[in-house]
Amino acid sequence: MTLDDLLYSTYGFSSFRPGQREIIERVLAGDDVIALLPTGMGKSICYQLPAKLLPGSVLIVSPLLSLMQDQVAQLKKMGEKSVVAINSFLKPEDKEKIWNSLSSYKFIFISPEMLVQPFVKRQLQQLRISLLVADEAHCISQWGFDFRPDYLRISEILPTLKFPQVLALTATATEKVTEEIKKYLELKQPYIYCHPMDRKNIVYDIKKFEDGREKLDFLKGFIRKFNGPGIIYAGTRKKSQELSMLLTEQGISSAFYHGGMEHQDRIFVQQQFQNGELQWICSTNAFGMGVHIPNIRHVIHFQLPTSIEGYVQEVGRAGRDGQPALATLLYAQGDEALLESLVMDDLPNQHEIEAVYREGSAATYLLDQGIVRETAFRVLSYWITKLPLEGVIRQMELLRSGKRQQAAKIREFLFHEDCLRSYIIECFDQELLDKPINCCVNDGIDYTAFEAYSDSKEKQIPLEWQDRLRVILPI
Amino acid sequence: MLFTELILAIMKAVNRQRTISSPYHLIKGKKSGQTIQDIGYFGLYPYFGVLPKLDKKAYDGAVQSLFLQGYLLANDQVVDLSEKALDLDIEASPLNGWKYRGNENLFFSRLSLIVQTFSHFSQQANVFDPIVSNEEIQSWVKIYLNRIRFRDLTVAQRFKEELVITLTDTAVSETHKMIVMERLSGLGLSGMTWQQIAASKNLSVMDVQLMAVETLHGWMAVIERSKPPLLTGLMEGIIQQSSLTESAQRTEKLFERGFSLEQIASLRQLKSSTIEDHFVELAMNDPYFNYAPFVDAALFEAIIAESRRQKTKRLREIKEHLPEASYFQIRLALAIREEQG
């Protein structure tokens, strides 16, 4: 059976997307691989397909619970039953069952903190792991926008697993980050696949205003000028609710989405958006992961993103169908000060460093009592095992200046006078080879490429419960 | 029933004998001795644990609005109900929190996934993202669907019929029923968030959540009574055999094996007062509870008589006149009186 046959019989696709074949062939040839593929380019196929041909199990290290759940759900949806997810939320009785039958699973998803537990290590030792996948591998980089210290510990498990081959997957990585992935995963001579970061069909726009009032007015006009589907990224939960309310008042269908909502409500909003029942989602950065909607036409940043990498990832959710999509960044004077404090607030402060250092990483009561914040605790718990106090303080200083640089890049981007596309691409150490006609605000944008607003999408809403049931069950 | 009406209903039942925070613990389903025992004293069974995720700030806000609207009056230590509150006609509610113990969520999750499956399969869409991500519920529903041969369209039709008939028979308003239907998803029509439902009806999120629980409790009672063949299957494991908390059950087992209250406390490494709470809970739930090992018959009668004379269930007021009785004995006697009287 050829790879193409396998692709067709498994997914029903008749051809690979750019990069997939190269990556899969290298994996099957037994090489370590670092693959940089933009979001939505089918990263998971790169380990799912080889798994069909490789003996033993594939171990996928996944940094985020929601991401893990989503990938497990996707695999199951395709009819794959040999999947298991191991994370700290497992119930004791389920764990028991899983440990007893671990070797029978083809796909084993695991969170990095579970990976290094001695008991788990012993269980994994008895397995034949033919491929270790580090998903979202950029999390390994302490410079990255979502550093997961536990990720650095993946290398600790490699000897236990008798050094399986490794596939590191990420959507965003600069050269520096790629080097770090190589170093921390102890990859000697990996094959590096680097997909061009540029998304030709995304047009970059920046709008600048005197104050927040003007920004809001612009948004009100925008949603009357263009049709969705679109995402409006707000900086805070409260803002996401306010913006959604504003849109609703204008008679535009929208909903807000943030991490403070109950799980079922979040699923409902995703589904409504997927079904086309909503034009706009007003969201914090919680929205996006695991959302598979190809026809998102707009991504609006109502507040400044905290890094170019984060910006590119959020913008990258638009236009996965290849049709034109518009990324609009809104800026009002003074926003950059807000950005600075937002970025810096995340970092552990002197007080937190000392507290964790004094009490040790087992002192979770520091978290419970709100003495140390969660992210800070996570980062510090790792470093105090590696460095003396002064070293940790210096490390945090470095982190701080790294973050400051990222914020500076956003500011530079904002006031950049040349091609924005080139600017972004260069941030990823790539070169822009050819520019699309519709490129960015500095090169002129043809807005007619985007569907103009139409009122016609008004849907009939059932008024009685019997009517609603009839729509859901037309039998 | 609106959320503020729920608070008033509870305040009415406790009749000036409890603080304004006691409805909060009751609604959240706190399993402390005080809350459990109050359920028996004041007949608060319907309201136990009906909104387990209730937020304290939201609760305080609702209480505040009751003060502002003149339903509640501050009076020294206690909170009084105004004439307006006492005259308020609160509609009868099918709430039954003590019986269902939050399992209406299990019932509804199963129902959501089944309806979603029928919706897709009956319209030839055999692949979809399940609306319920809990794997335990997913596998339960899989087994259930295979057992009823869900691919047969007539089965789907019968399921829907049962659903319509039983929900029609449920004694709540049409708005109540709509709220529950709006939490269901099907092909091309997604469930709505609490906030969306509340906004569309000009109610608060807590109101619509409470109304959903009322509907589900009423609905499950109809299903239990009329036993429709397909829907009855969804009730599996919904009603706990024992209405005791788990911890009280363990105490009961040890007591039956002959251990004394103190022995149980040291065996279980719990405070005696906690074990006392368990006995009060046992007494509340068992009409034939034998109080003899804890309080002699004469004292028992004296406590009951004193409570009747003073028309109170306040422990302190009873103890003032019966200093020889311990608080535990008073609580036990009152719990038994509720049950047997």
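These protein sequence lines map, in sequence, to chains X and B. Sequential numbering from 0 applies to the first sequence in numbering that gives the first Met the number 0. Sequential numbering from 0 applies to the second sequence in numbering that gives the first Met the number 0. Glycine included, C-beta positions come from ideal geometry on N, C-alpha and C. Remember, predicted model here, so these are calculated numbers, not experimental data.
As for any beta strand (DSSP E) of minimum length 3 sitting wholly inside the stretch 49-99 of chain B, the runs are 71-74 and 77-80, ordered along the chain. Partner residues in a beta bridge of GLY227(X), as assigned by DSSP, do not exist. Neighbourhood of GLU319(B) in chain X, by CB distance below 9 Å: empty, with the nearest CB roughly 41 Å away. Looking at the DSSP output, TRP464(X) bridges to nothing.
The beta carbons of LEU151(X) and GLN122(X) sit no closer together than 8 Å.
DSSP places SER203(B) in the coil class of the three-state scheme, outside both helix and strand. Taking a cut-off of 8 Å for Cβ pairs, the stretch 430-441 of chain X and the stretch 412-422 of chain X touch, as three or more such pairs fall below it. Cβ contact annotation for GLY321(X) (same chain, cutoff 8 Å, sequence separation greater than five): ASN200, in chain order. The criterion of a C-beta distance shorter than 8 Å is satisfied by LEU472(X) and LYS159(B). For ASP204(X), the CB contacts under 8 Å within the same chain, skipping 5 residues up- and downstream, are LEU325, ALA326, THR327, LEU328, CYS439, VAL440 and ILE444 in chain order. In the three-state scheme derived from DSSP, where H, G and I count as helix and E and B as strand, THR327(X) is classed as strand.
Taking a C-beta distance under 8 Å as the contact criterion, GLN115(B) and GLY187(B) do not qualify as a contact pair. Boundaries of the beta strand (DSSP E) harbouring ILE128(X): 128-133, taken from the DSSP string.
Bridge partners of ASP204(X) according to DSSP: THR327(X). The count of Cβ pairs closer than 8 Å, one atom from the stretch 144-162 of chain B and one from the stretch 218-238 of chain B, reaches three, so the stretches are in contact.
When the beta-carbon positions are compared, ALA451(X) and PHE225(X) come within less than 8 Å of each other. The beta carbon of LEU260(B) sits closer than 6 Å to those of ILE274, all from its chain and outside the five residues before and after it, given in chain order. Checking the DSSP bridge columns, you'll see TYR290(B) has no partner listed.
The residues ASP206, in chain order, have a CB closer than 7 Å to that of LEU1(B) in the same chain once the five nearest residues on each side in sequence are set aside.
LEU303(X) sits in coil when the DSSP states are folded into three classes, being neither helix nor strand. Around THR159(X), the same chain offers LYS120, LEU123 and GLN124 as residues with beta carbons nearer than 8 Å, after the five sequence neighbours per side are excluded. In the DSSP assignment, the residues bridged to PHE106(X) are VAL57(X) and VAL82(X). Around the CB of PHE88(X), fewer than 16 other CB atoms lie within 10 Å, so the residue is classed as exposed. For the 8 Å CB-CB criterion, PRO129(B) and LEU110(B) do not form a contact. Collapsing the DSSP output to three states places VAL298(X) in a strand. Taking the Cα positions, LYS181(X) is about 33 Å away from ARG357(X). For PHE117(B), the chain X residues whose Cβ falls inside 9 Å of its Cβ are ILE471, LEU472 and ILE474, in order along the chain.
Per DSSP, LEU337(X) is one residue of the alpha helix (DSSP H) stretching across 334-344. Under the three-state reduction of DSSP output, CYS418(X) falls in the coil class, being neither helix nor strand.
Under the DSSP assignment, GLN164(X) falls in the beta strand (DSSP E) whose first and last residues are 164-169. For GLN270(X), a Cβ of chain B is located within less than 8 Å of the residue's own Cβ. With a contact defined as Cβ atoms closer than 8 Å, GLN328(B) and LEU298(B) qualify at about 7 Å. Shown here, GLY185(B) sits in a strand according to DSSP, grouped into three states. For the set LEU74(X), HIS300(X), SER154(X) and GLU276(X), the Cα lying nearest the Cα of LEU131(X) is the one of SER154(X). Annotation: HIS300(X) to GLY78(X) spans about 37 Å, alpha carbon to alpha carbon. For ALA285(X), the nearest beta carbon of chain B is not closer than 8 Å to its own beta carbon.
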